[in-house]
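Under UniProt numbering, the sequence shown is numbered contiguously, ending at residue 131.
Single-structure report; data block below.
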Amino acid sequence: MTTGPKLRLGKTLVPGLLAVGLFAVMALITFNASFGGMTGFPEGISVTAELGYALFGYDELQTVGGTEPFLAAVLLVAVALDAALDASLVLAKREDGGEPVSALSSTDEASSEGPETAVADGGTETGGDGR
Numbered sequence: 001m002t003t004g005p006k007l008r009l010g011k012t013l014v015p016g017l018l019a020v021g022l023f024a025v026m027a028l029i030t031f032n033a034s035f036g037g038m039t040g041f042p043e044g045i046s047v048t049a050e051l052g053y054a055l056f057g058y059d060e061l062q063t064v065g066g067t068e069p070f071l072a073a074v075l076l077v078a079v080a081l082d083a084a085l086d087a088s089l090v091l092a093k094r095e096d097g098g099e100p101v102s103a104l105s106s107t108d109e110a111s112s113e114g115p116e117t118a119v120a121d122g123g124t125e126t127g128g129d130g131r
């Protein structure tokens, strides 16, 4: 019977402390950063079109300049979401005894003999004439 979680000291504590320290540094940077005032796009101009023009280098088609910082933020968010998706796939992979387990495969002895015949009434197949 377990009485509760226990704190493991030593080498296992170091990665946790590093993660907390990294979070603290990033929080300090975020809180001390100064962001400019909010400015909107003029009426009738599409933000998406302006970002597309900046992405492909069509500066002559842009009506409002200075969308590159916007574009950098969109690309950074895209990279962060891609990394999160990759990490979720790695974490979702199941392993049994160090070997990856596929969601659609089976390792039972019965399944290795061959596929069983499905019977409509839920019973087992008895032969040709035994209905």
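Ideal Cβ positions, reconstructed from N, Cα and C, are used throughout, including at glycine.
Check                                                                                                                                                            : Outcome
In this structure, how does DSSP classify Glu43 when only helix, strand and coil are distinguished?                                                              : coil
In terms of residues, what are the limits of the alpha helix (DSSP H) holding Glu68?                                                                             : 68-92
Roughly how many angstroms lie between the CA atoms of Leu76 and Ala83, to the nearest whole one?                                                                : 11 Å
What's the gap between the Cα of Pro69 and the Cα of Leu7?                                                                                                       : 44 Å
Can you find the residues in the same chain that come closer than 7 Å, C-beta to C-beta, to Leu55, ignoring five residues on each side of it along the sequence? : Leu71
Name the residue from Ala33, Asn32, Val25, Gly66 whose alpha carbon lies nearest to the alpha carbon of residue 159.                                             : Because the chain here runs from 1 to 131, residue 159 falls outside it and cannot be looked at.
For the putative contact between Val74 and Ile45, defined by C-beta atoms under 8 Å, what is the C-beta separation to the nearest angstrom?                      : Going by Cβ atoms, the distance from Val74 to Ile45 rounds to 17 Å, so no, they are not a contact pair.
If you draw a straight line from the alpha carbon of Gln62 to that of Tyr53, how long is it in whole angstroms?                                                  : 6 Å
Sort out for me which residues DSSP pairs Glu99 with in a bridge.                                                                                                : Asp96
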